[in-house]
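Student:
Numbering (the working numbering), first residue to last: 914 to 1043.
Spelled out as structure tokens, the structure:
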């Protein structure tokens, strides 16, 4: 289900990936890079900044929808933690669009989910990813 929903939104990436996990990683990487570019550009590239936040929120919404599917095989505790992260991402995205907060928080979350260290060199969060 995740691959079908994601394909509709990000069809070009599915041509390069073969599994749900690979697709998820590619999407997180692409969107996180867009968030990083938006953070570097700042207010002078407002439309790109809004687009990056919106695309990130879309990705997390698709992920949350998949997590709520009764056929999702992930353990319930992991699904619950990921849904909590989604709720934070949703709230923080709206806060950012309202002119408050720091986009770096979304970047850090995505990098942790991908299992990558933060750009500051900090360790990635241990444990399972989506």
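Ideal Cβ positions, reconstructed from N, Cα and C, are used throughout, including at glycine.
Would you report the Cα separation of residue 960 and residue 954, rounded to the nearest angstrom?
Tutor: If you take the alpha carbons of residue 960 and residue 954, they lie about 11 Å apart.
Student: In chain order, what residues of the same chain lie with their CB nearer than 8 Å to the CB of residue 932, ignoring the 5 residues before and after it?
Tutor: Correct list: empty, nothing qualifies.
Student: With a threshold of 7 Å on Cβ separation, who are the neighbours of residue 881 within its own chain once the five nearest residues in sequence on each side are excluded?
Tutor: No answer is possible for residue 881: it lies beyond the span of the chain, which begins at 914 and ends at 1043.
Student: So the alpha helix (DSSP H) residue 1020 belongs to, where does it begin and stop?
Tutor: First-last of the alpha helix (DSSP H) with residue 1020: 1017 to 1027.
Student: Mind reading off the beta-carbon distance from residue 972 to residue 996? Whole number of angstroms is fine, and I expect it under 8 Å.
Tutor: Going by Cβ atoms, the distance from residue 972 to residue 996 rounds to 14 Å, so no, they are not a contact pair.
Student: Given this structure, state the Cα-to-Cα distance separating residue 957 from residue 964, to the nearest angstrom.
Tutor: Near 14 Å, if we compare the C-alpha coordinates of residue 964 and residue 957.
Student: Can you give the Cα-Cα distance for residue 1024 and residue 1004, rounded to whole angstroms?
Tutor: When rounded, the distance between both Cα atoms is 18 Å.
Student: State the Cα-Cα distance for the pair residue 944 and residue 1022, rounded to the nearest angstrom.
Tutor: The straight-line gap from Cα to Cα measures roughly 12 Å.
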